[in-house]
Amino acid sequence: SDLPSSVLYLDGITVSFDGFKALNNLSLYIEPGEMRAIIGPNGAGKTTMMDVITGKTKPDSGEVFFDGAVDLAKLDEADIAQLGIGRKFQKPTVFENQTVADNLQLALSGVRGVLETFLWSASARDKTRIDELLEIIRLTHLRDRMANSLSHGQKQWLEIGMLLAQNPKVLLVDEPVAGMTDSETVETARLLREIAENHSVIVVEHDMSFVRDLDVKVTVLAEGSVLAEGSLDSVSADERVIESYLGR
Ligand code: ADP
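Using the numbering used here, the first residue of the sequence shown is number 22, and each one after it goes up by one.
Right, dumping it as structure tokens:
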């Protein structure tokens, strides 16, 4: 294949549930280092698309190219994660009874889920990386606070930091600003734009003022395929997009 590296390319993906096509010949091309916003009405197939990329759902047909040639549709979830595809689900999942810095340390150590065996063995390199991550996620001043004392938005940022600790090539982010305050929402757009300087990012989001702040190319999904693509202004002026949101 002559595809550039770290590109993510979904080619003609169809996923059926009991004969109903949740994805219908969906094609999507994410450039290396691009941030893309995915919008679309409920039931459009956004979650299913993310599930296909991460290997949680296998397509009936179509291929998912990543890093030039790998067909993700042939790999299992764990292998896909290993290739450098990280996913942030809507609900934040952090270790509530650990400090902010320790959450990042756990993510760096790759010992998520085996807390009871956690030993203090952080290297100097880890400490530098933790400092960097804390800056990126705006939590430097809260590094020694327990995660359970953070606001909902700060927990979302912490989980994004934990994903970044694993050095993903592509970060999938599912409705990051749901439940955030207005100022957290604005800050999240800035934060993701900074992250997108070094990672490909796909953001699924309903909050249109946030999508506007992201200021990236938008893909509108409807009925399992791409309805429109372009700037938020151009897609929101598209009659078919307006119709799909108003309901069929
Ligand atoms: P979105 O995230 O855009 O709201 P989804 O990907 O969750 O859309 O769903 C797309 C369509 O597929 C919906 O009609 C949904 O009901 C259906 N669907 C999703 N997952 C399943 C499943 N596991 N079984 C049956 N139908 C499903």
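By construction, the Cβ of each residue, glycine as well, lies at the ideal position given by its N, Cα and C atoms.
Am I right that M70 and L242 are in contact with their C-beta atoms under 8 Å? What's the rounded C-beta distance? Within the sequence shown, numbered from 1, the residue matching residue 70 stands at position 49. Within the sequence shown, numbered from 1, the residue matching residue 242 stands at position 221. At roughly 7 Å, the Cβ-Cβ gap stays under 8 Å, so M70 and L242 are in contact.
Could you give the C-beta distance for R164 and E208, rounded to a whole number, given that I count them as a contact under 8 Å? Indexing the sequence shown from 1 puts residue 164 at position 143. Indexing the sequence shown from 1 puts residue 208 at position 187. That belief does not hold up - the Cβ atoms of R164 and E208 are roughly 17 Å apart, past 8 Å.
Report the three-state DSSP secondary structure of F87 (helix, strand or coil). As a first step, residue 87 must be located in the sequence shown, where it is residue number 66. Here F87 sits in strand by DSSP.
With A102 as the anchor, note down where its beta strand (DSSP E) starts and where it stops. For the purposes of this step, residue 102 is identified with residue 81 of the sequence shown, where counting begins at 1. No beta strand (DSSP E) holds A102; the alpha helix (DSSP H) holding it covers 98 to 103.
Can you name, in chain order, every residue of its own chain whose Cβ lies under 7 Å from the Cβ of I101, other than the five neighbours on each side? Position 80 of the sequence shown holds residue 101. Within the same chain, I101 has close Cβ partners T75, G76, L93.
Segment contact, 8 Å Cβ cut-off, at least three pairs: the region 248 to 266 with the region 76 to 89: no
At a cut-off of 8 Å, is G245 close to the ligand ADP when judged by its beta-carbon and the heavy atoms of the ligand? Working through the sequence shown from its first residue, we reach residue 245 at position 224. At least one heavy atom of the ligand ADP is nearer than 8 Å to the Cβ of G245, so yes.
So I216 and L192 are supposed to be a Cβ contact under 8 Å. How far apart are they, rounded? Residue numbering aside, residue 216 sits at position 195 when the sequence shown is read from its first letter. Residue numbering aside, residue 192 sits at position 171 when the sequence shown is read from its first letter. About 7 Å separates the two Cβ atoms, so the contact holds.
Are the beta-carbon atoms of N45 and G245 separated by less than 9 Å? One-based indexing of the sequence shown puts residue 45 at position 24. One-based indexing of the sequence shown puts residue 245 at position 224. Yes.
Three-state secondary structure assigned by DSSP to E250: Taking the sequence shown and counting its residues from 1, the one referred to as residue 250 is at position 229. Strand at E250.
Leaving out five residues on either side along the sequence, give the residues of the same chain with a beta carbon under 7 Å from the beta carbon of E196. Here residue 196 refers to the residue found at position 175 when the sequence shown is read from its first residue. Excluding positions up to five away in sequence, the list reads Q111, V225, E226, H227.
Judging by CA-CA distance, which residue of K190, A210, E205 is the nearest neighbour of L104? Numbered from its first residue, the sequence shown carries residue 104 at position 83. Of the candidates K190, A210, E205, the one whose C-alpha sits nearest the C-alpha of L104 is K190.
Should A186 and V115 be called a contact, given that it needs their Cβ atoms to be closer than 9 Å? The residue labelled residue 186 in the question sits at position 165 within the sequence shown. The residue labelled residue 115 in the question sits at position 94 within the sequence shown. For A186 and V115, no; Cβs fall outside 9 Å.
Counting pairs of beta carbons, one from the region 28 to 40 and one from the region 151 to 158, are three or more of them closer than 8 Å? no
Straight-line CA distance for I59 to L213? Position 38 of the sequence shown, counted from the start, is the residue given in the question as residue 59. Position 192 of the sequence shown, counted from the start, is the residue given in the question as residue 213. Their backbone Cα atoms lie some 14 Å apart in a straight line.
Check whether the Cβ of N292 lies closer than 8 Å to any heavy atom of the ligand ADP, and answer yes or no. Nothing in the structure corresponds to residue 292, since the chain is present only between 22 and 269.
Residues in its own chain within less than 8 Å of S172 by CB, not counting five upstream and five downstream? For the purposes of this step, residue 172 is taken as the residue at position 151 of the sequence shown. Contacts found: T202, E205.
Unbroken stretches of the alpha helix (DSSP H), 4 residues or longer, contained in the region 162 to 193: 173 to 185
With DSSP collapsed to three states, give me the class of D32. Sequence index remark: in the sequence shown, residue 32 carries index 11 (1-based). Three-state result, D32: strand.
For M70, which of helix, strand or coil comes out of DSSP? Looking up residue 70 in the sequence shown gives position 49. M70 falls in the helix class under three-state DSSP.
Proximal residues to T78 (C-beta, below 8 Å), its chain only, five neighbours per side dropped: Along the sequence shown, read from residue 1 onward, the residue named residue 78 stands at position 57. Answer for T78: V36, T69, D72, listed in chain order.
Taking just the CA atoms, how far does Q119 sit from G200? Along the sequence shown, read from residue 1 onward, the residue named residue 200 stands at position 179. Along the sequence shown, read from residue 1 onward, the residue named residue 119 stands at position 98. Approximately 23 Å between the Cα atoms of the pair.
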